[in-house]
Structures are given as structure tokens and as C-alpha cells.
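Going down the list, the protein sequences come from chains H and P.
Under my numbering, the first residue of the first sequence is numbered 1, with each subsequent residue one higher.
Under my numbering, the first residue of the second sequence is numbered 1001, with each subsequent residue one higher.
There are 2 protein chains.
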Amino acid sequence: MPVRLDARSPDFETRFAALLNDKRETSVDVSTAVAAILAEVRARGDTAVVEYTNRFDRVNAPNLAALKVTAAEIDAAEAACSPDLLAALDVAAARIADFHARQSPTDLRYTDALGVELGMLWRPVAAAGLYVPGGLASYPSSVLMNALPAKVAGVERIVMVVPAPDGVLNPLVLAAAKRAGVTEIYKIGGAQAVAALAYGTETIAPVDKIVGPGNAYVAAAKRAVFGQVGIDSIAGPSEILVVSDADSPPEWIAADLLSQAEHDSSAQSILITDDAAFADAVAAAVEKLLETLPRREIAAASWQAHGAIILVESFDAALPIIDCIAAEHLELAVTDPHALAAKIRNAGAIFLGRHTPEAMGDYIAGPNHVLPTARSARFSSGLGVLDFMKRTTLVGCSPASLQALGPSVLALAEAEGLQAHALSVSIRLPEASR
Amino acid sequence: MPVRLDARSPDFETRFAALLNDKRETSVDVSTAVAAILAEVRARGDTAVVEYTNRFDRVNAPNLAALKVTAAEIDAAEAACSPDLLAALDVAAARIADFHARQSPTDLRYTDALGVELGMLWRPVAAAGLYVPGGLASYPSSVLMNALPAKVAGVERIVMVVPAPDGVLNPLVLAAAKRAGVTEIYKIGGAQAVAALAYGTETIAPVDKIVGPGNAYVAAAKRAVFGQVGIDSIAGPSEILVVSDADSPPEWIAADLLSQAEHDSSAQSILITDDAAFADAVAAAVEKLLETLPRREIAAASWQAHGAIILVESFDAALPIIDCIAAEHLELAVTDPHALAAKIRNAGAIFLGRHTPEAMGDYIAGPNHVLPTARSARFSSGLGVLDFMKRTTLVGCSPASLQALGPSVLALAEAEGLQAHALSVSIRLPEASR
């Protein structure tokens, strides 16, 4: 049974703290194995990547070029997909691209009153790598969500790696890659694929940034190559917080809680409501829906181990609890979701009103589904166009503005004991003003 | 002697690769010691912080409250600073705040043609921690550069920690903190200060993000608490790339190269020029200026071990070299710096023209001096307002827009084998359209 908390009970703070500290991730230390793979790929390039791929994915590639997906393979994969599914992918890709285009930043240029030219230029990274898991977790939606922001940012090379265990690849993943502007695809995975993207090999030129989800080996490899390249955040198990009043049909809310729980037995689904009878009705609906769910074992394990129902006196009283949970996904299934949303500081994404199940955002609404987990929405954001761009600031002094501001720089540099800093300014000032 | 490379010589690629791989950081593994300190502070709070502080900083504080800097201490520190220096700090603070205010993002709200409400809200983090080193590297400019973006972002609590070895604190650092909107200051440092900010103690409430430079212990502690809180990037040794034609006075350029070299023997200064005689003149000027420089030992060590002069045929031919170096600081001491700047992809900050020594940006121009090092300008940016804010995306469906887009979600969710996702949508659709 999921835990039941009442915000008005005297033991609430203790029990809420225990819920927040609920350790859902089982961390396996694979850093030694990963370090060895990274070192091998760095030293032996293509050869090492092919050796690991043949071994781990049970294939028999003669070289890395043979693992590069051809245009013909992509076309054949697309032809194997149902037209309905391709149409749905098209709708999703267009909506995601449209939303992300509105995130594109604008450059800043101005000259201040002293004549100092100032500015900030946004530029895309030159090349991005996208990791896509193989097997069951090979999701086309994830390809769209990771690659389209890079494309919108103007990244010229978007390199996808996806393992094809026993040579099998999900054709929808290739169809999604085609729609998302991916420019190169290799059938490789694991730490060896991350190493190839970060260090480069004879066949694969290195990238500047690597994004996308993966297993413990992939996560450890991304951590290890960080600095050599940029990485996205390392995602933890997914989570949803549904805030609902008693006017939502309990089955709707139960389905939303289960849509998160079915991802992974480590996932977390939490309901906050102001009505005890509604809480009971949702809990009962969860049990009922679980019976018919194909992934009921996973969903039931998640709901029983990590699920929670929190009863509050009012939704205003729930605000500090909501901000403290800082949920990846926050559904506001209440009569006036806008009023509540305006008061919330921390959430990865907010779903407004009873007709917006999180699944709409997972696939098609437009915003990214790669969102901050494990309370990190307190300080970080979902994936977006800015993750594939970087700023360069500009300063340009005229002789006059250098002379106007120079003396302040001399004072500060000398106070900090940095005489060459001072010298670099004073040497440019006319003799009289030094 | 710094290395001399010629972009036209046949061995250039090999020698340039060696320069890029020049390992300037001496990494000391302090992670075990740091893990112990973090665990102690997490378990014993104030008591542990005070014990470590008394031991490492050679003080004798009875409790953590005694290490909190009072308003009277700040006023006394300010009174101890020269009026000229305070005026210079005021100019710097005003200019930095003005530039950063122009980085503030705007929210996004719109309703698309189907009636889906979409948006993106930017919110400041609730509390930020700022680490300031003690002793010689206790720079007031660094306080302004780290705290002002948080203040401009709207962060309500800005908590500064700065060790006071033997009880000594740089008064200018407190004066800078006052100007930068810091709301709490504690005289603590090292891994224990980072732990106090991340986990909180009885006296110090936890923060959501920690920024600021520090020694190996501080860097390791920041790495370890990442996830619990956000952190800025871990800065490597500083670096400058000066691109100059022969019309710049060689002494000016020599001073600029030394202003970076004086920071640290691991710092790196590189000159790119299209004139061999000018290269010789700058090299000679460096040697001459070194003679009179107070920090000549550090600067000479940096210049000799890591300095480089690269001769190119033209500045257009230098572009791939410049982008590959992806310098933290890039000076364009050429006749038309704008034309060159427009073609550059990777640099933390660009200084335009002969009258803009990097020191102007270090102290007073306005843009941040916390910039990406070690080639990370390929994928990351200097510190700014966005580092203290995060985005929440919004999606709101009406019954009609849910019905319009629902079928595409059903197709994709079922293709991914996520039936509860599909159910959360279909359960909301009218019977006829499921």
C-alpha cells in the first residue's frame, strides 16, 4: 500500500521528510568497468568500439563503417512503419519543433553612455551526440525530444548512437531520427558509444555535447567524459505529483498515477488532495485499473513501494509541500489551475486542468519530456534549445571609455595584488592619466 | 621559453594537438577526506562545522552563530576601506548589475490553433550559496561577479561563506558582499562550508545552488553534493588567447599575456599573429615586463611552461585554430575586430580591439568574469542570470484539444508499449472517439 500522510497530523513533518528521502535509485558502481572501456576506445578507436559492440550486442560487424546506418536502411525502416504511426510522429515532431523554436534566444548588443560596446552572442554547439537505448526502452518519442532542440538550435552535426542487440533495431526510432534532423546514426551502445562520441575515432568525429538516457554504464560513461564534452543531467527515476480536488473522476487520476508507475518499479506517483473520500476513491481505482494493465507488475511495485497520498486542508496550504517535492511532472486537476500554478516555484512541467494528462506532454503537446527528477526542479530545467547553445560576451572599449573606467580597474587590481592586470590598463592610458 | 608554432609548417597539426592536450591541472585526489567531512556535517550539523573551522582556520568559535558576520562587522569593514576603492566597487557593481539585468529572460505564454495552452515560466531558485576563498585569493571582484547575477535573478536568500584563517577577513570582500545583495555571511570555508550550504545545519538553512571558486577540497565537495543542490561548473586554470596584428604596440600585448599568467603557474597565455617580427617583439616585451612584475615568479612559470605563440598566414586562416582553442578570454587586437568576431563560434568572452585589455572585463565592463575554461566554451557559457533561474513548462488542454490530439498520443503510447499512458488519455475521451 502507498503511504497515506495528513498534513494536519502532528507527525506530518517527520513522515514527509521520510518520503522525500525515499531512496529510489539502486546505484550499481560500474565506474571501474566503464573506465576500462573508455581507455580502450580512446587508445584504439574504431577497433575497440567494434570489438565491444560485437561482444555485447552479439553481432559480427567487420568494422565501424558497417555499423553506420545507411539512408536505404532508414527508408526501409520507415516503409515498415504503419502510416498512422508515421502520421502521429509527424504531428509530434512539428509541434515539438514549433514550441522549441520559441525558446530561441536573441543576441544582445548595445553601447553604453561611456562608449563601451557590450553584448552577448548565442551560438549553437558545432556537434551533438544523442544516446538512444536499445531494446524495450528504445522510444521514438525520446529521439524527437532530444534531437529536435539541437536541430532548432542550429547544431550542424547531430550524431545518434543506438545499440542493435542481435542486429535488431526499432524501425520507429529510425523514422523519428529522420524527422528530427539526425545527420549520422551508428548501431553502437553502452560506454563504448559514449566514448566514441566524446573522444572521436577514425570513423566518428568527436562531438561537443552528449545527451540522452541510458543504463548505469551509459550514465557512468557520461559522468566520466564530462569536461571533455558537455552532458545533459543524469536522469533519475521518473515521478509525478497530481494535485486534485474531488471534482475529478477518480479513474482519470488513477490512470495518471499509473502512467508514471508503469515506467519503472523505481518511479514515484504522489496524489495531493483536500478530500479524504476522494483519496479513498482514487486508491480503489488504482487497484481496479491495475488488474487490466499489461505492465501491472512494474506499476504495482512502484505504487506500493513509492506511491503516496497526502491529504491537505487546502491547496494553498499544500504550496510549500508542492515546492518541496519539486516534481518532474505536476498535474493540477483542480477547478482553477492557473491560480494555483501562479503560486508554484518548483516543478519541471505543469499540466493545467483535468483534461491534461501528463501523457499529452510526454508525446505531443510541444514542451520537452526530458525534465529534472529527484527534486532537482529546485535548481534546474527541462531540456531545451539553450542546452545546445552557448553565450559569448562582448566588450569593446574606445580610448575614451578606457580612460574613463581605467582608474577604477587600477584601484581594484592593485587592491587584489594583480599588478599585471593593472599594467595592461595603465600601459594604454595617456601618460598624464596613469 | 613558450612554444612557437607556425600554422603553415607540416608538423603544425601534431604540435597544435600537443598544445591542446597540455595537461595544466595537477589533480590531487581529496575525495576520501572530503567524503568524511561531508558525512560529519550531515550527521552532526553545527557542531561538526565549528570543530572543522576551529581546527583548519585556527580560531576558537564557541558555536556557529559566533561565525555569522554581523551588520556591525560589515559596516566596520566598509569604514576600513579607502573611499577610492569603495567608489571603484560601486562603479563595478552598478555596471555588472546593469549588464546582467539585460540577461533576464521573458516568460512565454500562448494558445495554439487547436486550443492547447502552452508556456514556459522562469523562476529564480529560492536560495543560493556563494563560496569565497580566504587568504590571498579572496577577491572582492569575484564576490560581485558571483552574487550579482543571483540578485538580479531575484534569488531571495544569498548566503556567502568565506573562511577567515586566524580570524582575518579581507574588508573589501565584506564591502563587496554588501553591494552585491548578499543576505547572510558565515566565516567558514572548505568542504565543511559546502556541506553546510548543501545539507543545512541547525543555524544555516540549506540552499538550492552553490557557486564560486575554491581549492581542491571545495571543488571535490561541490562535485559530491551535486544533485542534492545545483553547482556552477568547476573552473580550471585561467587562460587567454590574444589575436593581434603588427599594429598593436608589443608592450600592450605582452602586458595582456602576463595579466593571465600572473594568476597561477598553471594559467595559459597564447598569442596568434600574422607577423613573425611582431611575435618576436612581443616575446621580448614579455621578458622585459617580467623583470618589474611583483608576481614575476608565477607569471614566468606559466609563460614558460604553457605559453605559446602561433604564427598564421591570415586571421581567416586562424579561425579554425581559434575555435578549436575555445578560449576562456579572447582578445582581438586587430584593425577590424567586429569582422573577425562575427566568424568565431567558440569563446567565453571576446574583447574587441586594441583598447580593450581583458582586465576591463575582469573588473568593470559588466559581463561576468566567471567563464568556461579548458576548451569548454565549445559547449558552455559564462555565469549569468539564467544560472540562478529555472524554467517550468506549461501545457493545458481543453476537452476539444485533447480530443484532437489524443488519437496521436494513443498511437505512439501503444507503439511504445505504455498502456497506462494510453489509458490516461482514452479514459478522458468521449466513448465514440476511443
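The beta-carbon is built from N, C-alpha and C at its ideal position, and this holds for glycine as well.
Owing to the predicted nature of the structure, the values given are computational and were not obtained by experimental measurement.
Residues near residue 95/H in its chain [Cβ-Cβ closer than 8 Å; skip 5 each side]: 364, 365 and 366
Can you check whether the CB of residue 258/H is closer than 9 Å to the CB of residue 220/H? no
Would you give the residue range spanned by the beta strand (DSSP E) that residue 1111/P belongs to? 1108–1111
DSSP three-state label for residue 1045/P, please. coil
For the region 372–392 of chain H against the region 1394–1413 of chain P, do three or more pairs of beta-carbon atoms, one drawn from each stretch, fall closer than 8 Å, so that the two count as touching? no
For residue 1236/P and residue 1025/P, the rounded distance between their alpha carbons: When rounded, the distance between both Cα atoms is 7 Å.
By the DSSP assignment, the alpha helix (DSSP H) with residue 364/H in it spans what residues? Careful: residue 364/H lies outside any alpha helix (DSSP H) and carries neither H nor E.
Spatial neighbours of residue 226/H within its chain, please: C-beta separation below 6 Å, excluding the five flanking residues on both sides. none
Pick helix, strand or coil for residue 1268/P, following the three-state DSSP scheme. strand
In angstroms with no decimal places, state the Cα-to-Cα distance between residue 1017/P and residue 119/H. 32 Å
Under 9 Å (Cβ pairs) to chain H, residues found in the region 1358–1372 of chain P: Listed by position, the residues of the region 1358–1372 of chain P near chain H (Cβ gap below 9 Å) are 1358, 1359, 1360, 1361, 1362, 1363, 1364, 1365, 1366, 1367, 1368, 1371 and 1372.
Rounded to whole angstroms, what is the Cα-Cα separation between residue 1357/P and residue 1256/P? 6 Å
So which residues on chain P does residue 397/H lean against when the C-beta distance must stay under 9 Å? 1351, 1352, 1353, 1355, 1356, 1357, 1360 and 1365
Between residue 1212/P and chain H, is any beta-carbon pair separated by less than 9 Å? no
In three-state DSSP terms, what is residue 392/H? strand
Just checking: is the beta-carbon of residue 1304/P within a distance shorter than 9 Å of some beta-carbon in chain H? no
Taking the alpha helix (DSSP H) that residue 258/H falls in, what are its first and last residues? 250–261
Whose Cβ in chain H lies nearer than 8 Å to the Cβ of residue 1246/P? Neighbours of residue 1246/P on chain H: none; closest Cβ ~17 Å, over 8 Å.
Within the region 132–213 of chain H, note down every full beta strand (DSSP E) run reaching 3 residues or more, in order along the chain. 157–161, 184–186 and 209–211
Could you list which residues in chain P have their beta carbon closer than 9 Å to that of residue 384/H, in chain order? 1120, 1391 and 1393
Taking DSSP as the reference, what is the three-state secondary structure of residue 331/H? strand
Rounded to the nearest angstrom, what separates residue 1343/P and residue 1423/P at their Cα positions? 51 Å
Is it right to say residue 178/H is buried, meaning 16 or more other beta carbons lie within 10 angstroms of its own, or is it exposed? buried
Which residues in the same chain have their Cβ closer than 8 Å to the Cβ of residue 429/H, if we skip the five residues on either side of it in sequence? 402, 403 and 406
Range of the contiguous alpha helix (DSSP H) that encloses residue 15/H: 12–21
Return the residues of the region 130–146 of chain H that lie within a Cβ-Cβ distance of less than 8 Å from chain P, sorted by chain order. 136, 139, 140 and 141
How about residue 336/H: is its C-beta nearer than 9 Å to some C-beta of chain P? No, because no Cβ of chain P sits closer than 9 Å to the Cβ of residue 336/H.
Compute the distance between the beta-carbons of residue 1074/P and residue 1174/P, then report whether it is under 9 Å. yes
Grab me the residues of residue 156/H's own chain with a C-beta within less than 8 Å of its C-beta, minus the 5 sequence neighbours each way, in chain order. 124, 126, 127 and 183
Cβ of residue 419/H within 9 Å of any chain P Cβ: yes
Is it right to say residue 1023/P is buried, meaning 16 or more other beta carbons lie within 10 angstroms of its own, or is it exposed? exposed
Close-in-space but distant-in-sequence residues of the same chain around residue 1459/P (CB under 6 Å, 5 per side omitted): Chain P is shown only over 1001 to 1434; residue 1459/P falls outside these bounds and no answer can be derived.
Among all the DSSP beta bridges, which residues are the ones paired with residue 1314/P? According to DSSP, residue 1314/P bridges with nothing at all.
Would residue 249/H count as contacting chain P if we go by Cβ distances under 9 Å? Taking CB atoms only, residue 249/H has a neighbour in chain P less than 9 Å away.
Check whether the region 1029–1044 of chain P touches the region 1329–1346 of chain P, taking contact to mean three or more Cβ pairs, one atom from each stretch, closer than 8 Å. no
Closer than 8 Å is the cut-off here; do at least three beta carbon pairs connect the region 1136–1155 of chain P with the region 1210–1224 of chain P? yes
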